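Colleague: Position in the sequence shown (first residue = 1) + 2 = this note's numbering. Each residue gets a CB set at the ideal place from its N, CA and C atoms; glycine is no exception. Being a predicted model, the structure only gives us computed values, none of them experimental. Once you've had a glance at the structure underneath, I'll fire off some questions.
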Amino acid sequence: MRNYFVDDLLLITPLHRAPGVRLFGQVVGAHKASLAIAVAEHSRVSDEVTVDLTQVTYLANGALETLVALARSLTPPQRLRILTGPGLRVQERLAAEGWDQIDTLWVVRV
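Listed below in structure tokens is the structure:
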């Protein structure tokens, strides 16, 4: 499967209980393509794709923009569900750009 990725900063693995991926480490701009490929593979087979960022310590703006672009490419009832802790400030960053109103993007703070 193409939804596995590893380098010195980031590990992407598939979720086992739901369609989606879990990320560990730091997501920099260079990871945009790998992130897009991993998430897009799941969006072809499921209405809800989860991206678990709870183990991510840094999320570059470019990577967040990639997630937004992926969410915008979905057609309801499909949606991208992002799990995040408070440290990444994903909800606040989305709101600052006006991206918090995207119907196919759902952020869950855990």
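#1: Between Ile-104, Leu-17 and Gly-27, which lies nearest to Tyr-60 when the distance is taken from Cα to Cα?
#2: Following the continuous beta strand (DSSP E) through Leu-55, name the residue where it begins and the one where it ends.
#3: How would you call Ile-39, buried or exposed, if buried means at least 16 neighbouring beta carbons within 10 angstroms?
#4: Report the rounded CA-to-CA distance for Arg-74 versus Leu-107, giving the unit in angstroms.
#5: Enumerated in chain order, which unbroken segments of the beta strand (DSSP E) with a length of 3 residues or greater are wholly contained in the stretch 71-110?
#6: Going by DSSP, what residue range makes up the alpha helix (DSSP H) through Leu-37?
#7: For Pro-79, tell me which candidate among Leu-13, Val-51, Val-92 and Gln-57 has the shortest Cα-Cα distance.
#8: Smallest Cα separation from Gly-64: which of Asp-105, Val-112, Ala-20 and His-33?
#9: Label Gly-100 either buried or exposed according to how many other C-beta atoms from any shown protein chain fall within 10 Å of its C-beta, with 16 as the threshold for buried.
Modeller: Checking against the coordinates, here is how it stands:
#1: Nearest option by C-alpha distance: Gly-27.
#2: 50-61
#3: The Cβ neighbour count for Ile-39, taken over all protein chains shown within 10 Å, is under 16; the residue is labelled exposed.
#4: 8 Å
#5: When DSSP assignments are scanned along the stretch 71-110, the uninterrupted stretches of beta strand (DSSP E) that are 3 or more residues long and fall wholly within it turn out to be 81-86.
#6: For Leu-37, the enclosing alpha helix (DSSP H) has its first and last residue at 34-45.
#7: Minimum Cα distance to Pro-79 is reached at Val-51.
#8: His-33
#9: exposed
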